[in-house]
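Working notes, beginning with the structure itself.
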Amino acid sequence: MSKNLSQLARRQGIDNTLFQQLVVTDAADKSDSLKQQRQALAKEYLMGEAVIHGAASFYDFLDDGTNSHNANKKAYVCNGSSCLCAGTQTSVKDKLVNHFGADNVGHVTCLGRCAENSAFQLSDKPSLVNFSGKDIDVLETIANDPSTQSNEHYLVQCMLAEPILTAEITDVSQYYQLFTQLFDQYEQTQLLDKLVESGLRGRGGAGFPTGIKWRSCLNESNKEKYIVCNADEGDAGAFSDRYLLEQRPHAVLFGMLMAGALTGAKTGVLYIRAEYPDAIKQTEQAINEFDALNLNNDFNFKIIKGAGAYICGEETALLRSIEGQRPVVSVRPPFPTQSGLFGCPTVVNNVETFGSLHFIFSNLANEQNSGVLKYKNLGNGKSTGSKLLSLDGAFNKPGIIEVAMGTPLTEVIKLAGGFAKTVKALHIGGPLGGVVPLSEIDKLTVDFESFAQHGFLLGHASIIGIPESMKMIDYIAHLFEFTALESCGKCYPCQIGSVRGQEMFEQAISAEQFINRELLHDLLETMQLGSLCALGGGVPLPIQNILQYFSKELAPYFSSENNHQGEQS
Amino acid sequence: MSVQNNKQAFLNGVAYPIKDDETILSFSRRIHDTQVIPTLCDDTRLEPYGSCRVCSVDVALTADGPRKVMASCHTPINEGMHIYTHSPRIEKLRKNIIELVLSDLPEHTLTNSQKQPHTEFEQVVSKSGVSEVRFKQARKSITSVPLTPNKTGDNSLCDDSHPYMRMDLSLCIDCNRCVRACDEIQGEQVLSVAGRGFDARIIKGQDVSFNESDCVSCGACAQTCPTGAISDVFRQQLASAQTDQTVEIDKIRTVCSYCGVGCNLEVSVQNNKILSIEAPKDAAVNSGHTCLKGRYAWRFYDHKDRLDSPLVKIDGKLTKVSWDHAFDYIAKRLTSIKTNHGSDAIAGISSARCTNEENYLLQKMMRAVIGTNNIDCCARVCHSPTAYGMQHSFGTGAATNSIDDLKQTEFILLIGANPTEAHPVTGAKIKQKVMKGTPLIVLDPVKTELARYANWHIQLRPGTNVAVLNMMAYFIIDAGLVDENFVSTRTEEYNDYRQAILALNIDELAAIAGVDKILVQQAAIAYANANNAMSFHGLGVTEHSQGSRAIMCIADLVMLTGNIGRQGVGMNPLRGQNNVQGAADMGCQPHQGAGYFPVAEADNIRYYQKHYQINDTSLVSTSQWPTEIGYKIPEMFNAALAGDLKALWILGEDVVQTDPNQDHVVASLANLDLLIVQEIFLSETAKMADVVLPGSTFLEKSGTFTNGERRVQKVNAAVTPKLGCKTDGEIIVDMMNALGYNQAPYDASDMLDEIAQVVPFFSGITWQNLGLDGLQWPVAKGGVDTQILHIDSFKRGLGKFHFFEFEESQEVVQNSEQFPFILTTSRNLEHYNAGTMTRRTGNEEIVSEDVLLVSYEDAKAKGITNQSQVRLFSARGEITLTAQLSDKVKQGILFTTFHFPELMINRVTGDVTDKHTKCPEYKVVAVGIEAA
């Protein structure tokens with residue numbers, strides 16, 4: 001990261017970010033050449049032209065000045081893990097190519113339509129629209145009629161007696177009254193203590209205690225602070241954040257409002273990925289509704305729309321992205337609570353984390369039955385409250401399920417109606433989460449500790465069923481390929497390691513080379529120990545799980561185990 | 001950083017004290033453990049980046065506790081940590097990472113590193129013990145880099161478009177040190193990265209060539225690059241010389257001779273030839289940074305145009321003669337002039353480009369051998385008002401603080417200076433501060449680079465500094481923001497000043513200066529509210545008819561707000577030439593001798609006579625000793641024209657090209673009986689000389705330069721003087737002896753000892769104790785130097801407030817009706833003054849003409865198009881040059897540089913000078929302009 005660029009971005013403020021300018025100029029009519037537009041931006045933002053070009057060229061959906069870029073396509077086919085496992089995408093792509101022509105079809109990694117699969121996005125409509133399931137069958141109609149909406153449907157279930165994240169919000173005005181009441185009755189520090197007591201931990205995957213994070217931000221002396229909602233839900237297979245933003249946006253806004261009041265921040269920024277146009281629309285509408293309430297509060301919301309880069313889900317990359325820098329991962333310390341957006345103390349939390357706040361702070365005065373107590377009493381003591389799970393099309397009843405922390409995984413599968421096809425493993429927690437073979441499922445409960453203890457990762461709790469038909473060698477190659485495509489390119493273990501891993505497996509698949517087991521081991525260890533962030537550091541986990549639990553299936557690809565394979569001699 | 005009480009951590013099992021803000025890497029480096037942690041992406045001058053991960057170490061909280069791998073460059077060291085820098089798994093991790101890096105580089109990289117590691121990267125590879133790259137058929141990221149046509153027209157990976165800079169991405173390891181150096185050191189952001197992941201690659205601008213980019217050729221990227229992927233023509237020359245291990249390459253540390261920043265340089269020399277110049281990382285002044293002049297513009301030193309023999313004008317033609325002949329000839333002529341017309345018919349102009357020792361010698365020769373105070377130097381035409389004004393306000397005519405104080409300051413006031421062009425390393429430091437949020441006021445008629453970043457750019461009309469500075473004082477007093485305690489205890493004559501300021505008509509002043517009074521008010525209030533504000537000024541303050549007065553107005557603001565006498569504050573002139581501070585310190589002024597003693601006072605006369613061994617029988621006897629103040633430079637020309645001055649000795653100054661009103665200068669010189677010029681090239685002035693003495697470049701001589709923060713630094717000869725030339729110190733010593741004065745042979749150390757006897761603030765300086773980074777005067781016995789002046793009291797006792805009314809320059813009063821535009825002039829980054837040196841280097845390829853900046857409004861009114869030829873004329877003369885339309889100047893204002901004297905810009909400039917010091921008003925010239 002560059003301190004200079006952070007501070008130059010700060011001069012312009014959140015309402016005039018270079019990043020959103022890049023998104024706008026890229027989409028705008030090109031009366032001036034792209035080069036001149038970016039020259040003008042460089043002058044306006046007092047930054048070098050290379051900074052503008054460098055930042056823009058990072059994103060999938062911004063023109064990088066070459067002809068082979070992925071920007072400005074008419075249609076994008078989802079190539080995320082769930083759609084891969086569902087096996088739907090070859091035919092979806094064929095149909096899109098058939099209709100739009102090969103040059104007009106790009107790719108996108110996960111539209112969050114994992115419950116239905118067959119996902120694609122059309123962008124030659126007035127705005128981006130996502131489709132899935134049977135929509136592709138009526139492509140002609142969709143393409144010809146801009147007003148056609150997707151027929152998406154997925155189930156939302158709750159295993160709790162009293163829903164937390166899935167609770168409906170019927171009266172928005174009344175919903176926000178809690179905020180006013182709380183600050184009439186309690187001091188900032190009392191509320192922070194209550195939050196710590198609830199045991200809420202970050203739902204993005206790392207599970208850091210939320211109250212502690214907010215308190216450290218409060219303790220910073222700067223006047224300018226920010227609350228950032230990480231809504232860059234890039235994990236293939238995950239769509240719980242999309243669900244919340246589309247259907248419970250006020251829960252998220254309320255959480256951010258609380259965060260602002262408890263840390264002294266006046267601005268709440270929602271970084272929502274461009275792949276989720278409906279989430280952006282619904283959140284915008286919710287912000288308008290919030291503003292209309294005139295709560296007499298000086299907290300402002302701002303939506304920043306992503307442009308296609310998985311790494312922006314990493315909090316420091318996300319902050320750099322907002323600042324208009326290349327969204328590469330920054331070193332820590334300083335942590336965002338010390339020096340985050342524009343170099344100011346910043347709380348970055350996941351959508352779902354914010355979504356829990358209203359429940360936690362409800363009935364605070366009721367000592368026996370306060371939200372804090374109820375929340376704390378769910379779970380195993382270390383992982384408290386509830387968790388949303390995203391279940392993909394491999395289940396009979398795919399969709400969102402809210403469960404109490406500590407719920408046995410088998411119960412979740414039961415509620416989801418079991419598997420719709422023969423599944424040999426579950427990929428839980430996104431591309432960096434573990435691959436759980438069927439044999440291990442009954443050992444797991446939905447909480448951070450159980451997963452860690454068994455060598456897996458709860459992560460953001462998306463669940464993809466890997467069908468029997470999926471070759472694990474292909475799945476590993478897919479994971480390496482995903483990492484190679486999405487690596488920010490900063491640290492060597494991830495930047496180079498992911499490509500070497502991909503090559504190793506592709507060469508094995510095409511029978512050019514056996515895999516050198518020692519070299520693979522060294523590579524995975526190097527990525528795990530040496531990477532700067534969780535992308536390079538995390539992808540070895542599912543690969544090691546597969547190597548451990550599916551060694552027999554993979555044996556023919558390793559030189560030491562098998563020299564008899566005619567095709568690989 | 002201070003050592004915390006009793007806090008310690010363990011490095012490979014041994015306990016050491018730790019410091020605040022240390023990383024594991026900086027902790028381990030401070031301990032000098034034998035097991036050095038390798039890194040690829042770290043440069044101590046840059047923020048920790050954490051990309052290579054080669055610096056990873058094992059960290060445990062107890063000796064036998066569980067260990068975690070952490071990157072040492074960005075992990076803070078904490079009390080009780082156990083660091084293991086070379087555990088088996090760490091060594092394996094490093095090997096594996098380096099193997100990955102090698103897998104993306106040409107195959108010979110590994111063998112080269114094993115055989116003969118030269119680059120930083122090859123040395124890390126060699127030490128890592130990697131013996132093979134196990135990945136088969138590995139794709140190389142370089143295959144995705146587009147080829148571009150090179151100079152020979154072939155499509156190539158190598159960018160050779162630029163006169164100096166080179167790029168070859170096949171060697172790049174994506175450590176981004178170049179990108180970070182460009183941003184964090186120079187502040188240009190010319191470099192960035194395109195794409196992401198494996199195929200991310202370094203770009204210039206919007207992916208253009210070096211030559212097409214906005215690169216300022218500072219070379220910071222080339223210096224930090226660990227592989228040579230970004231390099232320059234000289235580093236490449238050095239690298240290929242290194243492969244021949246039979247001929248040794250010497251590294252000589254010296255000081256740049258281009259500006260008053262005083263960058264240290266490290267010169268690589270083989271067989272008495274310079275291969276390359278770099279900036280030493282440990283230099284206090286420039287910490288491994290310098291600009292394209294210091295780093296690249298040195299090829300003039302062995303240019304074919306160098307003089308190689310003394311020349312004497314015989315039958316109207318300069319003819320090569322022996323040194324003996326030249327000295328005899330001069331001695332006879334000078335003696336004759338002295339006999340017939342008196343000592344005061346002879347004068348000398350010294351050079352701020354030369355060393356302290358040489359300046360000292362020339363003034364000594366004029367005073368003790370010739371017997372006149374007619375000695376001046378080019379400070380006259382630049383910062384003489386600074387010396388005069390600051391002496392009157394504070395008692396010392398030099399920067400009160402050090403450039404390093406920028407680290408502490410919280411506010412910057414920049415007046416009439418364009419440091420990113422004229423003082424690039426200081427300019428870059430200021431830019432870094434400002435980009436990171438330190439508030440900045442810029443007072444300048446031109447929208448300079450720093451003005452773009454300023455919070456308040458007060459774009460005043462040239463020549464109205466006093467008006468705007470008085471407005472600022474008014475708003476500070478009016479808002480009740482005066483530091484009353486400081487003013488009452490440390491200053492005098494405040495009440496009169498206050499009354500006069502409050503009586504001003506602010507609206508009228510705002511109209512005169514063409515500024516928005518609200519903007520001035522906001523700026524003044526912000527300045528007064530800052531805890532620690534530092535001011536910098538340049539020739540945009542001094543080169544005016546009210547130059548000295550504006551200096552005293554700045555001093556008033558500094559005293560009003562108490563911004564003096566501690567770290568992070570003060571009043572700091574940005575000295576133009578490398579040794580302009582020193583030339584004045586050494587006494588190259590007609591009114592003050594070495595050490596600033598006024599020359600007409602009896603005590604001082606005795607003082608100098610004693611030190612120069614003057615007695616009744618000496619060459620200049622006690623009774624012949626000059627007792628009157630001598631001529632200032634403009635007075636010398638007038639006296640020559642009037643026939644009063646007969647002989648002039650000029651050391652390294654091309655007055656024909658650089659002094660204002662050229663026709664007048666030429667006529668004056670032509671009227672002399674004897675003109676002696678010490679030069680390295682046959683300059684326009686040298687062409688008019690009767691005797692030309694071939695001197696030496698700074699690369700060929702030893703001595704000291706004093707930079708703009710009073711830092712006396714060692715200049716060490718990197719090569720011997722060109723055959724036929726002598727160092728300028730030797731020339732003067734030989735001349736003194738030829739004239740009959742017994743001056744010991746030139747030796748830098750001995751000369752410094754003599755100076756230390758005469759100049760009180762040099763009394764503690766010896767050649768030995770100057771060390772690598774020099775000392776800031778005053779230096780007391782024992783070598784104790786001074787970073788900050790006027791801490792408890794001013795040199796003159798109390799600081800003195802001065803009030804001056806704004807006065808319009810006579811140049812404007814007399815000529816504005818006929819010549820309604822105002823021309824102002826300045827330097828650019830690439831060239832230095834008359835271009836004598838820089839134009840004999842590759843810099844000429846980068847900028848090859850002076851252009852005239854014209855506002856869009858004026859261009860429209862006059863029918864002038866971009867890049868067209870225009871006529872520029874004043875009451876003195878007319879020239880033609882290229883116009884460039886620009887938003888850097890306001891309507892009615894024109895701007896140009898003065899590096900291409902063939903344009904004769906000084907044919908246009910005028911005769912008005914500063915009232916107190918006779919410093920010419922280069923910055924305000926009434927002109928007219930028409931399309932040519």
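Note that the protein sequences, when read in sequence, are chains A and B. Following our numbering, the numbering of the first sequence begins with 1 at its first residue and continues without gaps. Following our numbering, the numbering of the second sequence begins with 1 at its first residue and continues without gaps. Note that beta-carbon positions come from the ideal geometry of N, C-alpha and C, so glycine has one too. If you're wondering where the values come from, they're calculated on a predicted model, not measured in any experiment.
**Message:** To the nearest angstrom, how far is the alpha carbon of H74/B from that of R907/B?
**Reply:** Our two residues, H74/B and R907/B, have alpha carbons roughly 58 Å apart in a direct line.
**Request:** Please state if the CB of K223/A and the CB of C217/A are separated by a distance shorter than 8 Å.
**Result:** Contact flag unset, no.
**Partner residues on chain A for I512/B, Cβ-Cβ distance less than 8 Å** = Correct list: empty, because the minimum Cβ distance to chain A is about 31 Å.
**Asked** Going along the stretch 125-149 of chain B in order, which residues come within less than 9 Å of chain A, judged by CB to CB distance?
**Response** For the stretch 125-149 of chain B, the beta-carbon criterion of a distance under 9 Å to any beta-carbon of chain A is satisfied by R134, F135, K136, Q137, A138, R139, S141 and P146.
**Contact residues within the stretch 451-469 of chain B, judged by C-beta distance below 8 Å to chain A** = Of all residues in the stretch 451-469 of chain B, only R452 and Y453 come within less than 8 Å of chain A when Cβ atoms are compared, listed by chain position.
**Request:** Mind checking who C377/B pairs with in its DSSP beta bridge?
**Result:** Answer by DSSP bridge pairing, in chain order: S350/B.
**Item:** Three-state class that DSSP yields for G48/A in the structure shown
**Value:** G48/A: coil per DSSP, three-state reduction.
**Burial state of K146/A, where buried means 16 or more other Cβ atoms lie within 10 Å** = Residue 146/A is actually Pro in this sequence, not Lys. Label assigned to P146/A: exposed.
**Message:** Any C-beta of chain A within less than 7 Å: which residues of the stretch 58-87 of chain B qualify?
**Reply:** Cβ contacts with chain A come from V69, H74 and P76.
**Message:** I'd like to know whether the C-beta of A484/A is nearer than 8 Å to at least one C-beta of chain B.
**Reply:** Taking 8 Å as the CB threshold, A484/A lines the interface with chain B.
**Message:** Buried or exposed, going by whether 16 or more other CB atoms sit within 10 Å of the CB of I304/A?
**Reply:** With 16 or more other Cβ atoms from the protein chains shown falling within 10 Å of its own Cβ, I304/A counts as buried.
**Request:** Please decide whether K376/A counts as near chain B, where near means a Cβ-Cβ distance under 8 Å.
**Result:** Chain B contact via Cβ: absent.
**Request:** Return the first residue and the last residue of the alpha helix (DSSP H) that T574/A is part of.
**Result:** Missing from the structure shown is residue 574/A; chain A here goes from 1 to 569 and no further.
**Prompt:** Exposed or buried, what is N563/B when buried is set at 16 or more other beta-carbons lying within 10 Å of its beta-carbon?
**Reply:** Around the beta-carbon of N563/B, 16 or more other beta-carbon atoms lie within 10 Å, marking it buried.
**Message:** Using a Cβ distance threshold of 8 Å, determine whether the stretch 334-346 of chain A contacts the stretch 161-175 of chain A, with at least three qualifying pairs required.
**Reply:** In short, these stretches do not touch, since the Cβ pair count stays below three.
**Request:** Excluding the 5 residues preceding and the 5 following G459/A in the sequence, name in chain order all residues of the same chain whose CB lies nearer than 6 Å to its CB.
**Result:** The residues are G205, G429, G430 and G433.
**Message:** Using DSSP's beta-bridge definition, name the partner residues of Y226/A.
**Reply:** Bridge partners of Y226/A: T267/A and T346/A.
**Request:** Drop a sphere of 10 angstroms on the beta-carbon of D232/B, count the other beta-carbons inside from all chains shown, and report buried for 16 or more, exposed for fewer.
**Result:** Counting Cβ neighbours within 10 Å, D232/B comes out buried, since at least 16 surround it.
**Asked** Alpha carbon to alpha carbon, how far is I355/A from E449/B?
**Response** Here residue 355/A turns out to be Gly, not Ile, going by the sequence shown. Their backbone Cα atoms lie some 47 Å apart in a straight line.
**Item:** Proximity below 8 Å, CB of I415/B to CB of S535/B
**Value:** Yes.
**Prompt:** Are the C-beta atoms of Q568/A and some chain B residue less than 8 Å apart?
**Reply:** Residue placement at Q568/A is flagged as unreliable, the pLDDT there being 41, under the threshold of 50; the coordinate-derived value follows with that caveat. Chain B, which has no Cβ nearer than 8 Å to the Cβ of Q568/A, makes this no.
**Request:** Per DSSP, which residues does F536/B bridge with? Please list them.
**Result:** L414/B and N572/B.
**Request:** Let me know if I791/B comes out buried or exposed under the rule of 16 or more other beta-carbons within 10 Å of its beta-carbon.
**Result:** I791/B should be labelled exposed.
**Request:** Name, please, each residue of chain B whose Cβ falls closer than 9 Å to the Cβ of C344/A.
**Result:** In chain order: nothing, as chain B lies at least about 11 Å away.
**Request:** With a floor of 3 residues, list each beta strand (DSSP E) that falls wholly inside the stretch 55-131 of chain B, ordered by position along the chain.
**Result:** If we require 3 residues or more, the beta strand (DSSP E) runs fully inside the stretch 55-131 of chain B come out as 56-60, 68-71 and 82-84.
**Request:** Within its chain, find whatever has a CB closer than 6 Å to the CB of G313/A; leave out the 5 residues flanking it on each side and keep chain order.
**Result:** Listed in chain order, the non-local C-beta contacts of G313/A below 6 Å within the same chain comprise D232 and G234, local neighbours out to five positions each way being set aside.
**Item:** Distance, G593/B Cα to I633/B Cα
**Value:** One Cα belongs to I633/B, the other to G593/B, and the distance between them is close to 16 Å.
**Message:** I'd like to check one pair, S257/B with S268/B: are the Cβ atoms closer than 8 Å?
**Reply:** No.
**Prompt:** Any beta-carbon of chain A closer than 8 Å to the one on Y49/B?
**Reply:** It does: the Cβ of Y49/B has a partner Cβ on chain A nearer than 8 Å.
**Item:** Inter-residue spacing [alpha-carbon to alpha-carbon] between S826/B and Q12/A
**Value:** Taking the straight line joining both Cα atoms gives about 31 Å.
**Message:** Let me confirm a value: Q36/A is counted as buried when at least 16 other C-beta atoms fall within 10 Å, else exposed. Which label applies?
**Reply:** When all chains shown are included, Q36/A counts as exposed.
**Message:** My output table needs one value for E684/B: the three-state DSSP class, helix, strand or coil.
**Reply:** Helix.
**Asked** Along chain A, which residues have their Cβ under 7 Å away from the Cβ of V190/B?
**Response** Near V190/B (Cβ distances below 7 Å), the residues of chain A are G48 and A50.
**Request:** Could you tell me whether the stretch 123-131 of chain B touches the stretch 87-102 of chain B, using the rule of 3 or more Cβ pairs below 8 Å?
**Result:** Judged by Cβ distances under 8 Å, the stretch 123-131 of chain B makes contact with the stretch 87-102 of chain B, as three or more pairs qualify.
**Request:** Tell me whether H521/A is buried or exposed, calling it buried when 16 or more other Cβ atoms sit within 10 Å of its Cβ.
**Result:** Flag for H521/A reads exposed.
**Request:** Using a cut-off of 9 Å between C-beta atoms, extract the partners of C312/A located in chain B.
**Result:** Against chain B, a Cβ distance below 9 Å from C312/A picks out nothing, because the smallest value is about 11 Å.
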